[in-house]
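Everything in the sequence shown is counted per our numbering, starting at -4 for the first residue and increasing by one.
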Amino acid sequence: MVKQTIQIFARVKPTVRKQQQGIYSIDEDEKLTHSLEIVLPRDLADGFVNNKRESYKFKFQRIFDQEAKQEIIFEIIAKPVAESTLAGYNGTIFAYGQTGSGKTFTITGGAERYSDRGIIPRTLSYIFEQLQKDSSKIYTTHISYLEIYNECGYDLLDPRHEASKLEDLPKVTILEDPDQNIHLKNLSLHQATTEEEALNLLFLGDTNRMIAETPMNQASTRSHCIFTVHLSSKEPGSATVRHAKLHLVDLAGSERVSKTGVGGLLLTEAKYINLSLHYLEQVIIALSEKHRTHIPYRNSMMTSVLRDSLGGNCMTTMIATLSLEKRNIDESISTCRFAQRVALIKNEAILNEEIDPRLMIVRLQKEIEDLKAELAMATGEQRTEALTEAELLQLEKLIASYLEDQDPESRLEVGADMRKIHHCFHHFKKLLNDKKTLENTVSSESTRQACQEPLRDEEYTKLLGLLKQRDNEINILVNMLKKEKKKTQDALQNSSLEKSDTRPPQNSPFIAGSPAVPRTPFSSAPSHTQDLSICRHRSSLLHKKTGMREEMSLGRQEAFEIFKRDHADSVTIEDNKQVLKQRFSEAKALGESINEARSKIGQLKDAINQRHLQQVALGISENTVPASTPDPQEEKLRAQLEEEKGRYKTAFMHLKALKVEIEHLQLLMDKAKVKLQKEFEAWWAEEATSLQVNSPATNLQDAVKPFPQQDQAQLLSKKSDRNARRILPSPCPNQQSQEPSGSRVLVQDRPLSSIPLTGDSQTDSDILAFIKARQSILQKKCLGSN
Ligand code: ADP
Ligand code: MG
């Protein structure tokens, strides 16, 4: 058992404005304790704070300042947790902080560069690397990805995600067994045998999350995401299996609303926007108070799921993400305060070991086989299912002599052979039944005789003795029968227990809680076919989401091209494309040099063999003993071979790493494309709506039939949340809406009403929206050049 308090780390996000850096400082004392001092700027201190404190100091295991790279974050924070998971302990890393402070960047990574990949991809990479190195154990890895939004759980890897809205998906629910173990119903587990497969699942989940997000449901800031690696391991031949879960958690933004409504430091008054973070805090408070017995885990889904991570069987680490700008000071202080409380919580991680019942059965069967063989050796007889004729005959003789023997101490010795024992029982039962019928007839006969003539004394005593003897026999037999019956019952019970323990193999590793209790497999682990379908699903999903243009009208396609060109992300996509190209050509060159090295290795091996043969042949022809000193030429060839092998290995390892990078970059690009497409659709709908609103009613309504995207457009226009719409990189976001409603929409200097329309509503609205899009881009360009 490992007792440890929750480790707390802080990470400060790079600030945009340099002059704001003076508001905090990081110190390290002689005991290597790191502390973060947040200095309140004067105006804030004078203005809102009653007690006039000017600085706040918080201790952390370590504090990472703005320039800290993802690599070091992984090395210091995540690697130790991943190591303990590999050793069989549960682990959790969670990021906590206000929206925009870098939680997602830290946990998942940035969307632009390979070097920006966060804790999840790096941990996956590390885990699979270690699994490959360790051949002493057999490992199985499964992945699950859960999102908790508004207290409801959603499976981010559910294949139905694509077809349905978030709300229509089956909710992941919590079930608790009598031992208070938590089981998650409807959360799928996917086997991942390689780093690439696991990475695919991460991207699939993230893409599903992005697609489900709408301006009304800003899931990314208000939901919690729990990416879990389920690892089970066992030594070959051993029946003991170790299970460990590693939760990597990206929490919802921790921002609060203050009752005062100002950014002052009245933090006790402030309330979380997110209810489950409020419950998380309740749990943390309860755990950090010494004498509290009741911990309110059950109040929310998130605290239930993370129950083991908070004060339970887990090694837990928290990363407080801070965006230390002046306007965020109060949020940053409350994040640090939260972390200080978390640091008081003690966890007790234990090895989660259990006996695999399937392996136990296999083991016992093997033992039976061995014992049978030993028995056969000891008795010198081979055991068959049924008794042979000779054995039966011998038994009958034994039974007969046993029954005839008047000595009450006599015993029937048949040896430790259940088949013979059973046969004896059958025999006795038969005898008993025969005797009963016989006695019945005898007794009726004797009654009849008694009526006729009185029994002779001598005969009477003899019969009495016989009766007593039979009574004894019967009693003994009944006892034996009872014992036998009990044995059979026990055996039956055992076998039914074994049966109920034999669950489908994939279920056993993933059910949380104490290992000794038989569990019900609520969450069904997927079969290999399902894994495949997930991969296929991912590619079809991304393809569909990015390949939508095939179904677009020409106007819309052109607008999409322009939109894409002007979109900020297109630079990233282009950059990544270039990097990918470069990596591909690097990979190609590496592949070639690997092939070269391989053929050279082959040639060298041949040359060595040939040289060897030559030497032997020479020895035979000259009839000399082969020289004991090594042949210098062969030595040289061998040295070359080793060198070539080294080169081959280096190139191969390099190629392997490149492959992972290429895969990662491709996934990043796929994701960026889906995002672009999604934003285009939203922008398009908005443009279409504003076009309808702004155009002269008479012209348009005459010319254009009901707008095909009307439903969606109306829906969007209803959303008063204009802030949310700001995320769309509309080339000229507010211009259309600022136009007076009666103004004419111009294409260069042509009135819109003069554009010939086709009469087909889809095409016409596409044409109009396209013109509008062009126009706003033109306007933007004009503004830019002014
Ligand atoms: P959160 O998930 O906490 O809301 P994000 O991780 O989305 O915040 O970060 C907000 C923005 O800041 C993103 O654009 C992200 O790329 C950037 N960012 C966050 N942390 C860092 C960092 N350490 N280095 C560079 N950029 C960062
Ligand atoms: Mg985030």
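By construction, the Cβ of each residue, glycine as well, lies at the ideal position given by its N, Cα and C atoms. For clarity, every value in this text was computed on a predicted model and none was experimentally measured.
Presumed contact (8 Å Cβ cut-off) between residue i and residue j, rounded CB distance
i	j	result
Thr28	Lys8	Between Lys8 and Thr28 the Cβ distance is about 23 Å, and since that is not below 8 Å, they are no contact.
Leu305	Leu282	6 Å
Ala239	Val(-3)	The Cβ separation is near 12 Å, so there is no contact.
Phe100	Gly113	6 Å
His659	Leu194	7 Å
Thr312	Phe69	Thr312 to Phe69, Cβ: 12 Å. No contact.
Leu141	Asp150	7 Å
Gln65	Gly104	7 Å
Other residues of its chain near residue i: CB distance less than 7 Å, five sequence neighbours each side excluded
i	result
Ile589	Tyr643, Ala646, Phe647, Leu650
Asp153	Leu164, Ser183
Glu639	Ala592, Lys595, Ile596, Leu599
Which of helix, strand or coil DSSP assigns to residue i
i	result
Glu2	For clarity, residue 2 is Gln in the given sequence; the question names Glu instead. Three-state DSSP puts Gln2 in a strand.
Gln464	helix
Glu66	helix
Ile290	coil
Ser588	helix
Ile206	helix
Ser50	strand
Gln186	strand
Val669	helix
Ala239	strand
Ile363	helix
Asp402	coil
Thr99	helix
Ser79	helix
Val574	helix
Ser139	strand
Val11	coil
Asp24	coil
Glu348	strand
With 16 other Cβ atoms within 10 Å as the buried cut-off, status of residue i
i	result
Gly200	buried
Val783	Because the chain here runs from -4 to 781, residue 783 falls outside it and cannot be looked at.
Pro173	exposed
Ala683	buried
Pro627	exposed
Ile102	buried
Gly641	exposed
Lys415	buried
Asn203	buried
Leu366	exposed
Met413	exposed
Gln127	exposed
Thr383	exposed
Met297	buried
Gly375	exposed
Val236	buried
Arg721	Residue placement at Arg721 cannot be trusted, given a pLDDT of 33 that sits under 50; the coordinates are not used to answer.
Glu569	exposed
His417	exposed
Val11	exposed
Arg155	exposed
Ser405	exposed
Bridge partners - residue i, DSSP secondary structure assignment
i	result
Gly104	Arg112
Asn342	Gln(-1)
Cys147	Tyr144
Ile58	Ala5
Val437	Paired residues: none, contrary to the question.
Arg251	Tyr267
Ala19	Contrary to the premise, residue 19 reads as Tyr rather than Ala in this sequence. The partner list for Tyr19 (beta bridge, DSSP) reads Ile33.
Met313	Ile3, Phe89
Ile169	Leu179
Tyr134	Ser228
Thr223	Ser139, His242
6 Å CB neighbourhood of residue i in its chain, flanking five on each side removed
i	result
Gln707	Bear in mind that a pLDDT of 38 at Gln707, under 50, signals an unreliable position, so the number given afterwards is only what the model happens to contain. Answer for Gln707: Ala680, listed in chain order.
Gly248	Gln93, Thr94, Thr216
Glu364	none
Leu587	Residue identity differs from the one stated: residue 587 is Glu in this sequence, not Leu. Within the same chain, Glu587 has no close Cβ partners at all.
Residues of its chain near residue i, where Cβ-Cβ distance is below 8 Å and the 5 sequence neighbours each way are ignored
i	result
Glu581	Leu653
Pro291	Tyr274, Gln277, Val278, Ala281, Thr298
Thr330	Tyr91, Gly92, Gln93, Ser96, Ser249, Ala315, Thr316, Leu317
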